[in-house]
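S.K.: For reference, the structure I am asking about is given below.
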Amino acid sequence: MGTTPPDSAVVSQALPPEKPEAIRTRTKVILAFWAVILFFGLPMWWKTTSVYRASLPLDEMMSWAEGKACKPEFPLEIVLRTPSVSMAEAQSLLRTTQHALDDLNEFPVHHLRLKLANHTETRENNKIDIDIELEDKSDAALVVNLIPSEIATPTSQLHSYSPRMDIWYPPSQLSSVTSTTSPLITFIAGEIQKIFNEEKATIAYILGQSNSALASSFPGAGQLAELVSKRVGGSLKYAETYHLSFSLFTPGSQPSSWEIEDAIQEYMVPLLDAFSSISNFSIDTQVQLYASFSPTSPHPEYDEASQQWTLKEEDLSSFINAAEWPLSPSIGSGPTINFVLYVPAATQSPLVVKESLATSWIVPQWGGVAIVNPSVTAVDVINPPHLAKESLKPALLTFSHQLLTLLGTPATPSSLPLRLQTSIRTRAATLLLSASSTMGSLARLTQSLSSIPIPLNVASSVLTTLTHLSSTCQLLREGKFAAALASARIAEKEAEKSFFEKSMVGQMYFPDEHKIAVYLPLLGPIGVPLLMGLLREVKNLVVEFKRRRASKT
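Counted the way the working numbering counts, the sequence shown spans residues 12 to 564.
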């Protein structure tokens, strides 16, 4: 039977007191760790993780976006040619017509300014032709040539391929040109104003997208608002270069060739050259045989009454078999405009649109389609194996008209040069507002996301954009519209370049919560022991301080 040892025999299990040297060593180790963290780790982390943010003129950028930096104006110079009247009568006619135009103008942003042509009092035809040729090469938006004639009332004719309008008037009406109610003055002002009505409505619509006050300042815009809205909505976004793709599709093996290069050169290149001041074009062609309809789309139906194969208008959107027809949506940097020439099988010819009997239509923001029905006399006659240049002329002219529509060219006036001039002005306004809006979006982005970097190339692009925006606005006010469009192109390009900078776009989708989720698993196992050790040492120092203070008392 065991016995309990006496108290004196119990061995103490308490730890021996810690030596002062060990305490100092532990304190130095902890302080060394924290010194490395504070004086080496944190600066290195701050340096390697901080983002560079170049300084941006945010106030100026927002000013452009809000429409405060520039109020665009479109002063158009109209040259008035009066070679058959004296200089005094011409000046009186000019002043009175200008007053009549100002009274008719309801849109102050767009204003017409008359100017007398430099001429001498002569009626020689060769002199008139020389003057007209010189004026056509000037910066004038329109040349109005007044011609006296033995007629009862004034008449006018707008030239289709030059920015010129001839007005014939009875000489007896010159005696009352000092009044704005003169029949001749009223007629001249009304004809000039009518030419630019759609342009005014288009500019009002474009400016109204960013500032409704500018649109409402043109009361007449409401009459053309639906037409302009439909045209602008169906047109492609402006690009410096467009790619035109001409495709021949047929459900059989013929035709297998076409003289498309020669046809394009003769029937379409002149139009593309006229557009050179607005945009450039690249062209490719292709032939696709055995191009069948999509199985899910309705097929043509035979109409016994008209003895034609028909497609319903509601089915035109599914006519293109995008799944099997090799139509590339984009080639290169610019958007692609597709032009499809479809030759139906001889057994399904002629093929027309049921409601309108048309053989062509436009696919908004995509391209156009034209159907060429082969000439057959019997059901068993096959399509011709080759399409000559002459047979392609109607389709190419149709494609030319479709191209103008897809590029947003106005439907009026009938003069092509005037319509192209309108495109220059409207495109310049569109790019001006688009680049300004991009500047505002970039300013708001950099203010809302303080963690995204702003590299120097972004700041450089922003400054370039603002410089060219100012230049565009000034050139518009001076009536130098071609130069304004060129400057607006650069502004839009640099604005897009700055907004879609790769280093910025990547950081836009890297929120602070994600950073915390990354750092905590790495710093937690290291930081907790260091922090607890520091707190324990601080606690020991406080206890030691209190003990010494108590021992002194």
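Here a beta-carbon is modelled for each residue, glycine too, at the ideal position from N, C-alpha and C.
Bear in mind the structure is a predicted one, so any value in this text is a computation, not a measurement.
My output table needs one value for glutamate 315: the three-state DSSP class, helix, strand or coil.
M.R.: One-based indexing of the sequence shown puts residue 315 at position 304. Of the three classes helix, strand and coil, the one that applies to glutamate 315 here is coil, per DSSP.
S.K.: When you compare the CB positions of alanine 439 and threonine 475, do they come within less than 8 Å of one another, or not?
M.R.: Position 428 of the sequence shown, counting from 1, holds the residue named residue 439. Position 464 of the sequence shown, counting from 1, holds the residue named residue 475. Contact: no.
S.K.: Would you call the region 251-260 in contact with the region 293-312, where contact means no fewer than 3 C-beta pairs closer than 8 Å?
M.R.: As far as the Cβ criterion goes, the region 251-260 touches the region 293-312, which means the pair count is three or higher.
S.K.: In this structure, does DSSP put leucine 460 in helix, strand or coil?
M.R.: Counted from its first residue, the sequence shown places residue 460 at position 449. In this structure, leucine 460 counts as coil in the three-state DSSP scheme.
S.K.: Serine 308: which of Asp314, Phe286, Glu335 and Glu315 sits nearest, CA to CA?
M.R.: Counting from one through the sequence shown, the residue named residue 308 turns up at place 297. The residue with the shortest Cα to Cα distance from serine 308 is Glu335.
S.K.: Less than 8 Å between the C-beta atoms of isoleucine 373 and threonine 433, yes or no?
M.R.: Taking the first residue of the sequence shown as 1, we reach residue 373 at position 362. Taking the first residue of the sequence shown as 1, we reach residue 433 at position 422. No, these two residues do not count as a Cβ contact at 8 Å.
S.K.: Since serine 268 sits in a beta bridge, which residues does DSSP pair it with?
M.R.: One-based indexing of the sequence shown puts residue 268 at position 257. For serine 268, which the question treats as bridged, DSSP gives the partners His397.
S.K.: Once the 5 residues before and after threonine 38 are set aside, which same chain residues still bring their CB inside 6 Å of it?
M.R.: By one-based count along the sequence shown, residue 38 stands at place 27. Once the five neighbours on either side are set aside, the close Cβ partners of threonine 38 are Glu548.
S.K.: Using three-state DSSP, classify valine 390 as helix, strand or coil.
M.R.: Taking the first residue of the sequence shown as 1, we reach residue 390 at position 379. Reliability fails at valine 390, whose pLDDT of 49 lies under 50, so the model's placement of it is uncertain and the value that follows must be treated cautiously. Residue state, collapsed to three classes: coil.
S.K.: Can you say whether glycine 419 is buried or exposed, counting buried as having 16 or more other CB atoms within 10 angstroms of its CB?
M.R.: As a working mapping, residue 419 is identified with position 408 in the sequence shown. So glycine 419 ends up on the buried side.
S.K.: Leaving out five residues on either side along the sequence, give the residues of the same chain with a beta carbon under 8 Å from the beta carbon of proline 4.
M.R.: The structure shown does not extend to residue 4, since the chain is modelled only from 12 to 564, so the question has no answer here.
S.K.: Can you give the Cα-Cα distance for leucine 552 and leucine 541, rounded to whole angstroms?
M.R.: Numbered from its first residue, the sequence shown carries residue 552 at position 541. Numbered from its first residue, the sequence shown carries residue 541 at position 530. One C-alpha to the other measures close to 17 Å.
S.K.: By the three-class DSSP mapping on this structure, what secondary structure does serine 426 have?
M.R.: Within the sequence shown, numbered from 1, the residue matching residue 426 stands at position 415. Serine 426: coil per DSSP, three-state reduction.
S.K.: Do leucine 91 and alanine 128 have their C-beta atoms closer together than 8 Å?
M.R.: By one-based count along the sequence shown, residue 91 stands at place 80. By one-based count along the sequence shown, residue 128 stands at place 117. Yes, Cβ-Cβ distance for leucine 91 and alanine 128 is below 8 Å.
S.K.: Give every residue of the same chain whose Cβ lies closer than 6 Å to the Cβ of leucine 444, excluding the five residues on either side of it in the sequence, and list them in chain order.
M.R.: Reading the sequence shown from its first residue, position 433 is the one you call residue 444. Hits under 6 Å: Ser221.
S.K.: Between the C-alpha atoms of alanine 356 and leucine 322, what's the straight-line distance to the nearest angstrom?
M.R.: As a first step, residue 356 must be located in the sequence shown, where it is residue number 345. As a first step, residue 322 must be located in the sequence shown, where it is residue number 311. Spanning the two alpha carbons is a distance of roughly 14 Å.
S.K.: Entirely within the region 235-286 and at least 4 residues each: give me those alpha helix (DSSP H) ranges in chain order.
M.R.: You should have 271-278 and 280-285.
S.K.: Between the C-alpha atoms of leucine 218 and serine 514, what's the straight-line distance to the nearest angstrom?
M.R.: In the sequence shown, the residue the question calls residue 218 occupies position 207. In the sequence shown, the residue the question calls residue 514 occupies position 503. Those two C-alpha atoms are separated by around 33 Å.
S.K.: Identify which residue in Leu407, Pro31 and Ser240 has its Cα closest to the Cα of glutamate 272.
M.R.: Reading the sequence shown from its first residue, position 261 is the one you call residue 272. If we check each option's Cα against that of glutamate 272, Leu407 comes out closest.
S.K.: Here's the rule I'm using: 16 or more other beta-carbon atoms within 10 Å means buried, otherwise exposed. How should alanine 46 be labelled?
M.R.: Position 35 of the sequence shown, counting from 1, holds the residue named residue 46. That one is exposed.
S.K.: So, with DSSP's three-state summary, where would you put glutamate 146?
M.R.: Taking the first residue of the sequence shown as position 1, residue 146 is located at position 135. Bear in mind that a pLDDT of 42 at glutamate 146, under 50, signals an unreliable position, so the number given afterwards is only what the model happens to contain. Helix.
S.K.: What residues in its chain sit with their C-beta under 8 Å from that of glycine 451, if we drop five residues either side in the sequence?
M.R.: Position 440 of the sequence shown, counted from the start, is the residue given in the question as residue 451. Excluding sequence neighbours, glycine 451 sits near Met72, Met73, Trp75, Ala76 and Glu77.
S.K.: Give me, in chain order, the residues of the same chain whose beta-carbon lies closer than 6 Å to that of threonine 565; leave out the 5 immediate sequence neighbours on both sides.
M.R.: Any property of residue 565 remains undetermined from this structure, which presents the chain solely from 12 to 564.
S.K.: Kindly provide the ranges of any beta strand (DSSP E) runs that are 3 or more residues long and lie completely inside the region 318-378, ordered along the chain.
M.R.: Listed in chain order, they are 319-322, 347-353, 362-364 and 371-374.
S.K.: List the DSSP bridge partners of aspartate 177.
M.R.: To locate residue 177, count along the sequence shown from 1; it is residue 166. DSSP output for aspartate 177 lists Asn156 and Gln168 as bridge partner(s).
S.K.: Using 8 Å as the threshold, is the C-beta distance between leucine 414 and alanine 285 below it?
M.R.: For this step, residue 414 is matched to residue 403 along the sequence shown. For this step, residue 285 is matched to residue 274 along the sequence shown. No, the Cβ-Cβ distance between leucine 414 and alanine 285 is not below 8 Å.
S.K.: Just the C-alpha distance for leucine 115 and phenylalanine 207, rounded to the nearest angstrom, thanks.
M.R.: Against the sequence shown, residue 115 aligns to sequence position 104. Against the sequence shown, residue 207 aligns to sequence position 196. If you take the alpha carbons of leucine 115 and phenylalanine 207, they lie about 12 Å apart.
S.K.: Could you name the residues of the same chain whose beta carbon sits closer than 8 Å to that of tryptophan 320, not counting the 5 residues immediately before and after it, in chain order?
M.R.: Start at 1 with the first residue of the sequence shown, and residue 320 comes out as number 309. Same-chain partners within the cutoff: Pro311, Glu312, Tyr313, Asp314, Pro355, Gln359, Ser360, Pro361, Leu362 and Val363.
S.K.: Under 6 Å Cβ to Cβ from lysine 148, same chain only, skipping five residues before and after it: list those, please.
M.R.: Working through the sequence shown from its first residue, we reach residue 148 at position 137. In this prediction, lysine 148 scores a pLDDT of 45, lower than 50, which makes its location untrustworthy; the coordinate-derived value is nonetheless stated afterwards. There are no such residues.
S.K.: Excluding the 5 residues preceding and the 5 following arginine 64 in the sequence, name in chain order all residues of the same chain whose CB lies nearer than 7 Å to its CB.
M.R.: Translated into the one-based positions of the sequence shown, residue 64 becomes position 53. The answer, listed in chain order, is Pro464 and Ile465.
S.K.: From Phe492, Ser425 and Phe556, pick the residue whose C-alpha is nearest to that of tyrosine 172; which is it?
M.R.: Position 161 of the sequence shown, counting from 1, holds the residue named residue 172. The candidate whose alpha carbon is nearest that of tyrosine 172 is Ser425.
S.K.: Of the choices Phe304, Gly379 and Ser183, whose alpha-carbon is the least far from that of isoleucine 348?
M.R.: As a first step, residue 348 is located in the sequence shown; it is residue number 337 there, counting from the start. It is Gly379.
S.K.: For leucine 283, which residues in the same chain have their Cβ closer than 7 Å to its Cβ, ignoring the five residues on either side in sequence?
M.R.: Start at 1 with the first residue of the sequence shown, and residue 283 comes out as number 272. Only Phe292 meet the Cβ criterion.
S.K.: Assess contact between the region 96-108 and the region 186-205, defined as three or more Cβ pairs (one per stretch) separated by less than 8 Å. Is contact present?
M.R.: The region 96-108 vs the region 186-205: in contact.
S.K.: Give the secondary structure of alanine 381 by DSSP, where H, G and I count as helix, E and B as strand, and everything else as coil.
M.R.: The residue given as residue 381 occupies position 370 in the sequence shown. Residue state, collapsed to three classes: strand.
S.K.: With distances taken from CA atoms, which of Leu185, Gln376 and His170 is nearest valine 243?
M.R.: Reading the sequence shown from its first residue, position 232 is the one you call residue 243. Looking at the Cα atoms, Gln376 is the closest of the given residues.
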